[in-house]
Every structure is written in C-alpha cells, then in structure tokens.
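S.K.: Numbering-wise (the numbering used here), the sequence shown opens with residue 5 and increments by one.
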Amino acid sequence: MNPTRKLPRLVILAGLLGCLAALAFSATASAATTTLTFKEPEKGSTFAFVDNAPKSQLQHGFPTKFSAGDEIIFTNPIEIAGKIVGRNHVVCTATKNASSKHFAGAEFLCSGIARISGSTLVFSAMLSEGNTEGAITGGSGTYAGASGTFVTKEGKGTSTVTVNLLE
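As structure tokens, then:
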C-alpha cells in the first residue's frame, strides 16, 4: 500500500471521529434540561405606564406613542395546575420611538423576577407582540444559579410560559 494514500485516509478518519465526539458531547450537554410550564392569567395582573419626556397624548387612557425611556411595569400571577403559586414582577423600558399601533416597534427591553413558591427566577427579554423569547439569568432557593431560556405564548385571557433550565 502506498504510504502517501494512507495519510489522507487517517486524517479524514481522525476528523470524522473528532466530529462524532463533538456531536456526542453537545447532545449530552443539551439533554440535561429541566422544563417548567406555567400559565399567567390576566385576572389579578397589574399594569402601569411611565411616560418620560417627550410626553404622549393619551387616548382612552392609553398612550398614542412610545418614546425611548418610557416604561411599562406589570405583574402577573403564576399558575401551575390550576393553583396560583407565585407572581412575575417586570419592568420594560422602550429603547426607541414607536406609535402605539406598532407597539413592538418600541423594542422594550424587559427584566423581571418570577417568585415561585418562595424561590425566584431572574429573567430578561425583548418584549414583542405575540410570543416573547428570553433568557433566564439567575435565581434563588430551588433555582439558585439558574440559567436557560423561556418562551411566552400569548393566548386569550392567559399566557403559557415554557422555561428550559440548563443543568
């Protein structure tokens, strides 16, 4: 057998084995997650709007536009299996100007804490109309040192939140 032909085959084989090892490692790393699912009913929620300069005109109690620096502050109950187990506390700050008809255009940067049965999850996200995706950045109690992601799917009268915590 020609030694110059054997070397490229070994390099290709070593490369393939390296790729397989990397795939096996990433599959193991991504498999270690805990999923939490809960509801956020609108009933029992609170809402406040902070209109920083320039001020917006109100129409039926709602702003007609958002400007960078405006804030939305809200809380929602957290429900698991039909039982209220906690509450979200969220502050969102607009990062650019938008009309109220194009709410998502204001690009609200949100941060909050979900208090669940005496423990907390800390999160951040860009608020958008419809589904919102964000990051879990910490926690306490049962969720001490938590990290992961979440998706909120808007529904009629309630939202469903799916949290994937990395272990």
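All C-beta atoms in this analysis are idealised placements derived from N, C-alpha and C, irrespective of residue type, glycine included.
Where V54 and E75 are concerned, what is the direct C-alpha to C-alpha distance, given to the nearest angstrom?
M.R.: In the sequence shown, counting from the first residue as 1, residue 54 sits at position 50. In the sequence shown, counting from the first residue as 1, residue 75 sits at position 71. When rounded, the distance between both Cα atoms is 5 Å.
S.K.: Rounded to whole angstroms, what's the CA-CA distance from A233 to Q61? Just pull it up for me.
M.R.: Residue 233 lies beyond the residue range present for the chain, which begins at 5 and ends at 171; the question has no answer from this structure.
S.K.: Taking the alpha carbon of A52 as the reference point, which residue from G65, S115, K59 has its own alpha carbon closest?
M.R.: Within the sequence shown, the letter at position 48 stands for residue 52. Closest by alpha carbon: G65.
S.K.: To the nearest angstrom, how far is it from the Cα of T77 to the Cα of G109?
M.R.: Counted from its first residue, the sequence shown places residue 77 at position 73. Counted from its first residue, the sequence shown places residue 109 at position 105. According to the sequence shown, residue 77 is Ile rather than Thr. Answer to the nearest angstrom: the Cα atoms are 18 Å apart.
S.K.: Buried or exposed for S163, please, with buried defined as at least 16 other CB atoms from any protein chain shown within 10 angstroms of its CB.
M.R.: Locating residue 163 in the sequence shown gives position 159, counting from the first residue. Buried: at least 16 other Cβ atoms inside 10 Å.
S.K.: If you follow the beta strand (DSSP E) that G64 is in, where does it begin and where does it stop?
M.R.: Taking the first residue of the sequence shown as position 1, residue 64 is located at position 60. Checking the displayed sequence, the identity of residue 64 turns out to be His instead of Gly. Premise fails: H64 is in no beta strand (DSSP E) and is neither H nor E.
S.K.: If you draw a straight line from the alpha carbon of L131 to that of E111, how long is it in whole angstroms?
M.R.: Working through the sequence shown from its first residue, we reach residue 131 at position 127. Working through the sequence shown from its first residue, we reach residue 111 at position 107. Distance between the alpha carbons of L131 and E111: 7 Å.
S.K.: Among K160, K43, T37, N135, which residue has its Cα nearest to the Cα of I84?
M.R.: Residue mapping note: residue 84 aligns to position 80 of the sequence shown, counting from 1. The shortest C-alpha separation from I84 is found at K43.
S.K.: Tell me whether T39 counts as near the ligand NAD, meaning its Cβ is closer than 8 Å to at least one heavy atom of that ligand.
M.R.: The ligand NAD is absent from the structure shown, which contains no ligands of any kind.
S.K.: Could you tell me the alpha carbon to alpha carbon distance between T153 and G161, rounded to whole angstroms?
M.R.: Along the sequence shown, one-based indexing puts residue 153 at 149. Along the sequence shown, one-based indexing puts residue 161 at 157. About 23 Å.
S.K.: If we ignore side chains and look at the alpha-carbon of each, how far apart do V126 and Q63 end up?
M.R.: Here residue 126 corresponds to residue number 122 of the sequence shown, with the count starting at 1. Here residue 63 corresponds to residue number 59 of the sequence shown, with the count starting at 1. Looking at the two C-alpha atoms, the distance is approximately 34 Å.
S.K.: State the Cα-Cα distance for the pair L169 and G86, rounded to the nearest angstrom.
M.R.: In the sequence shown, residue 169 corresponds to position 165, counting from 1. In the sequence shown, residue 86 corresponds to position 82, counting from 1. Taking the straight line joining both Cα atoms gives about 22 Å.
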